[in-house]
Ligand code: CMC
């Protein structure tokens, strides 16, 4: 294959190198285009065809439905690893040895507390505040309590910042829920694993012990693994973009949380359950909602369907669908919205509108059903996604800084007014 691409613009030819990834993905390196072609740039709203970076963290083939973290198949990882191993793998590039994992886990536990003054900040939020807003604010607030800047070149300083965030984030996530639920802001129990501890921090009532259910622990562990990274999605790109100005790790992650909140991204998991509930209340009339989704004059979309990159199936959705069946059976939960979801999926997979546009269930379509069965309230679904995505965001931020990427600063094509004379107020 040729190693260059040639653009012809106004009769003049410009040659650009091709960049080939380890999975033979090919990109045209247009870094010099503007300088060579007298100011001409490329235009690609939503970055549908634009690679923003080279990355060694996650490989995704949307046509074949492949997802791998650091070369390992997601199906294998979801089955055989636990969430902290995945966090280590994503951030540092290799699966940890037993010794490394014990140290990583113990260092995170060492940080599993926050400054007591954070409680005063939480006090200031209205009880009805959405936990995503609370979580992003608290993540930013962590900087005020840990103000020293981190030298990204120092392995030790980076490691300390990473375990600090991994230790404190579950506390903040659980507290965002406990504030809403009117529960005391308690700490966890360092004798437990990461996921077990998180569950206890979320659900422990002041008057009784929290009994861990292994089915719930396993299901949550798997969900967190499936959400842990997804290359250059909206929130991850936000984290990298904010970090590219050399803003710190915590505030970059806080920005990512806000990006994740939107219903087209992580907020879809909450929106899916609300949609399925609405269909149930509407006598299970899936046809009506399918018609709304296809009607171009109606802004309604089938939530949990479609993906920018997956045009075959989302491998995470496959695993989650199977897991939803198992978890509901194991917990003895009968949830009518699981049947509605399955019916909706079947209809969509037969419908030419969805088939032609290659719209398949995505990770968010079934995840909410499991979260619900685990007793997690709907408005906490997107914070759960954030908890899972945290290692991915950290890994991507670290990679971006270590590769010394330039500040993210896209260009534009201006389509506004040309130069005009200023009109004084009296003449407007
Ligand atoms: N329901 C109905 N029509 C849809 C849907 C949907 N869920 N998704 C895409 N389409 C249509 C869209 O109207 C367009 O039709 P046309 O070609 O006639 O104009 C076509 O499919 C292509 O859609 P697009 O909006 O150009 O595709 P995109 O890559 O920009 O958007 C998406 C991807 C995920 C934002 C979109 O599919 C969507 O809004 N889905 C629903 C929200 C959702 O489930 N989001 C979670 C995504 S996965 C997890 C995550 O990223 O956090």
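In this note's numbering, the protein residues as written are 631 to 1058.
Glycine residues also receive a C-beta, built at the ideal position from the N, C-alpha and C atoms.
| query | result |
| --- | --- |
| Own chain partners of residue 689 with C-beta closer than 6 Å, once the 5 adjacent residues on each side are dropped | 653 and 698 |
| beta-carbon residue 1018 near the ligand CMC non-hydrogen atom, thresh 8 Å | no |
| Residue 879: first and last residue of the uninterrupted alpha helix (DSSP H) it sits in | 879-891 |
| Other residues of its chain near residue 915: CB distance less than 7 Å, five sequence neighbours each side excluded | 909 |
| Residues near residue 657 by beta carbon distance below 6 Å, same chain, minus five either side | 649 and 681 |
| Helix, strand or coil at residue 1029 [DSSP, three-state] | helix |
| Length of the line joining the Cα atoms of residue 808 and residue 832 | 7 Å |
| Among 1049, 1024, 735 and 665, the one whose alpha carbon lies nearest that of residue 887 | 1024 |
| For residue 698, the three-state DSSP class (helix, strand or coil) | strand |
| Of the residues 724, 651 and 660, the one placed nearest residue 635, counting alpha carbons only | 660 |
| For residue 685, the nearest candidate out of 1027, 1053 and 674 (CA to CA) | 1027 |
| beta-carbon residue 934 near the ligand NAD non-hydrogen atom, thresh 8 Å | The ligand content of the structure shown is limited to the ligand CMC, which means the ligand NAD is not among them. |
| Strand pairing of residue 991, partner residues [DSSP] | 935 |
| Residue 649 - partner residues in DSSP beta bridges | 657 |
| Rounded C-alpha distance that separates residue 874 from residue 995 | 32 Å |
| Same chain, Cβ closer than 7 Å to residue 1010, five either side skipped, listed in chain order | 761 and 807 |
| Identity of the residue in 746, 687 and 705 nearest residue 717 by Cα | 687 |
| 9 Å Cβ cutoff met for residue 607 and residue 1004 | Residue 607 is absent from the model: the chain starts at 631 and stops at 1058. |
| Nearest-angstrom beta carbon gap, residue 899 and residue 998 [assumed within contact, 8 Å] | 5 Å |
| Spatial distance of residue 935 from residue 920 (CA atoms) | 11 Å |
| Residues sharing a beta bridge with residue 691, DSSP | 696 |
| Closer than 8 Å: residue 790 CB and nearest the ligand CMC heavy atom | no |
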